[in-house]
Each structure stands twice: as C-alpha cells, then as structure tokens.
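Data first, discussion second: the structure below is written as structure tokens.
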DNA sequence: AATTATTTATCGGATTTCCGATAGATTTAA
DNA sequence: TTAAATCTATCGGAAATCCGATAAATAATT
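Protein chains in written order, with the working numbering: chain A, 1 to 97; chain B, 98 to 194.
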C-alpha cells in the first residue's frame with residue numbers, strides 16, 4: 001500500500017485536490033486501466049491514517065504538511081532511481097512509431 | 098516479478114550489458130538499498146525465460162530483440178503515467194535543501 | 001592444489017498489493 | 001418522494017513481490 005500507487009496518488013493530489021472518483025479517473029487516463037474501488041479507497045484511507053492526506057466535507061483529498069514532505073522525499077528517491085530519465089525519454093521517443 | 102524492478106533491470110541492461118552482481122551494484126547505487134540475491138536472480142531468470150534477456154558465457158546479460166521491444170513499450174507506459182515528469186522534477190528541485 | 005571469497009541459484013515463507021464482491025451512503029433523476 | 005445511479009467503503013482472498021537462508025558453482029588467493 002506504500003508503493004508506486006501511493007506515490008502517484010500523492011503527486012496527483014499535490015497538483016489538484018480530488019475526490020476518490022476523480023483520482024480513479026485520472027489514474028485510468030494515465031495508466032490505461034482503472035484501479036478497482038477495492039484498491040483506491042484503502043490507499044486513500046492508508047494515506048489519511050498516516051496523516052499524509054486530509055479530506056474535506058466534500059470528500060476532496062488534499063496533502064497535509066506531512067504529505068508534502070513525504071512527496072518531496074519520494075520525488076527525490078524517484079529521481080535518484082531514474083537519474084537518467086531524459087535519456088529514457090529520448091530512447092522512448094526515437095523508437096516511437 | 099514483472100513490476101518496476103523488471104522494468105528497471107531492462108533499462109539498465111539496455112545501457113550496458115552486466116552480470117547479476119553488477120546489476121545488483123547499480124541498483125544499490127540508485128535506490129539506496131541492495132536487492133537481495135533472492136530477489137535479483139529470480140528476476141533475471143524470469144526475464145530470460147520470457148526471452149527478453151539473453152546471457153553470454155561470462156554471465157553478462159543483454160537484451161534480446163524482444164527485450165528491446167518490451168522495453169520500448171514499458172518506456173511508453175512509463176511516460177504515459179508520468180507525463181508530467183518535468184513538472185515533477187521542478188517540484189522536486191525547488192524543494193531541495 | 002587447497003582454501004577462501006564471491007557470485008549465482010533455489011527454496012519457502014512473510015509481506016505487500018490488488019482485485020471482485022458486497023453493502024452502505026450520497027447524489028441525481030423521474 | 002421514490003427509484004436509479006454513482007460514489008464510498010470494507011472484506012476476504014488471490015497473486016505478486018521480496019527477502020533471508022542455504023547451497024552450488026565459479027573465481028581469486030595462498
């Protein structure tokens with residue numbers, strides 16, 4: 001529950017506060033398949049319990065201060081791992097049909 | 098076994114043919130922790146069985162034609178999911194201490 | 001050649017991750 | 001105000017993921 005999906009959810013919510021349904025929709029757009037309700041709601045609950053997300057009266061999730069810090073750390077980790085992301089993109093684009 | 102680790106291994110080997118030990122080393126550099134032998138060798142076996150990798154007499158792994166195609170597809174998927182990777186990086190860097 | 005160190009490989013199991021089914025809650029439409 | 005549709009939430013279980021322990025194979029050192 002603390003894998004790539006959590007990371008992606010934090011990132012998406014950092015860009016725009018969203019409800020569970022909106023997050024589901026956005027994930028489907030990006031990944032090409034829709035996460036099941038049994039996937040996304042437990043993730044949101046987990047992140048809320050960890051106080052990385054908070055939710056308002058309209059069920060819109062937003063990052064807490066702690067969530068922003070966690071996101072920053074995860075982004076750093078991400079770019080450590082994918083330090084050559086520009087090269088990845090070039091490789092990707094030059095092979096595009 | 099077909100998750101992010103496989104993707105990363107394919108990418109690393111596409112840049113440079115490596116042995117299991119060298120891949121382990123490179124992953125440790127990037128991620129900050131060393132994958133256990135019980136993790137990395139099954140992944141290499143899995144990718145070899147799927148004919149995405151081949152291995153020479155010195156145990157150096159390299160991509161097969163099929164492996165290159167798989168990598169291309171995975172890279173496309175990656176950049177679909179992280180379509181705003183530049184924004185991610187900016188966000189990341191501007192928060193760096 | 002014998003010993004030691006390193007690398008490769010397998011195995012069983014612990015944990016994580018994710019899903020489909022189900023149900024309750026909320027919203028929308030009739 | 002019902003009825004229908006959508007959203008939210010939980011549950012149990014299936015599958016994926018990863019590890020540590022162990023052992024076999026290979027390489028390096030003495």
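Using N, Cα and C, we set each Cβ at its ideal position, and we do this for glycine too.
The beta carbon of residue 85(A) falls within 8 angstroms of a beta carbon belonging to chain B, placing the residue at that interface. Listed in chain order, the non-local C-beta contacts of residue 157(B) below 6 angstroms within the same chain comprise 114, 116, local neighbours out to five positions each way being set aside. Against chain B, a Cβ distance below 7 angstroms from residue 91(A) picks out 172.
Flagged as an interface residue toward chain A: residue 101(B), by a C-beta distance shorter than 8 angstroms. Counting of Cβ neighbours within 10 angstroms places residue 78(A) among the buried residues, the total reaching 16 or more. Excluding residues up to 5 positions away in sequence, 148, 149, 150, 151 lie with their Cβ nearer than 7 angstroms to the Cβ of residue 161(B) in the same chain. Taking C-beta atoms as the reference points, residue 177(B) and residue 30(A) count as a pair closer than 8 angstroms.
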